[in-house]
Structure formats: structure tokens, C-alpha cells
Amino acid sequence: MKVKIEIDCSPEEARAFLGLPNVAPLNDHLVAEMQRRMDENMHRLQPEELMKTWTSYGLQAQEQFRKMMTAAATGQTDKL
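Heads up: the sequence shown begins at 93 in the working numbering, then just goes up one per residue.
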């Protein structure tokens, strides 16, 4: 025997029916706080400094990857 129940309700109605708390105000507060912090931090960073930081990580990662591949190809894994 199969029983199929289809309930048409909004998320708010389902939450109230199940007795779950309404977290929408908390979510709105957290999103607003994250947005405020991101805006604050964007004003602190200069685009040139940001690019230097990003590219230095990229170059370091490329160099480390090259060393790892060279060591693996030559069988010198003790130099990693």
C-alpha cells in the first residue's frame, strides 16, 4: 500500500506547524553584519596591494608545484 500526502504551504507555515523558531530576523542581522564588515574591509585594501597579495600566493604555489613535480619525476621525494 502506498500513501502519498502533498502539503501546499509556505516555509513560514511549515515552520510554525512543526514548532520551529523563526530565524529570519537573525539571518537578516547576520547578513547585514557580514555586508558591513566586507564594505569596511574593502575600503582598507587598495587594489594594488590586493593584487600583490593574490599574485604572490599564486607564484608561490606555482613554484612549489614545479618543485614537487621535478622531485617526483627525478625520484627525489626527500627534497619536498
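The beta carbon of each residue, even a glycine, is placed where N, CA and C say it ideally should be.
No experiment lies behind these values; they were computed from the predicted model shown.
| Item | Value |
| --- | --- |
| The alpha helix (DSSP H) spanning glutamate 98 covers which residue range? | Glutamate 98 -> no alpha helix (DSSP H), and no H or E assigned at all. |
| Work out the CA separation of arginine 107 and proline 113 for me, nearest whole Å. | 7 Å |
| Helix, strand or coil for methionine 93 per DSSP? | coil |
| For proline 103 and valine 123, what's the separation of their Cα atoms in angstroms? | 19 Å |
| Among the residues of its own chain, which have a CB less than 8 Å from the CB of cysteine 101, if the five just before and after it don't count? | Phe109 |
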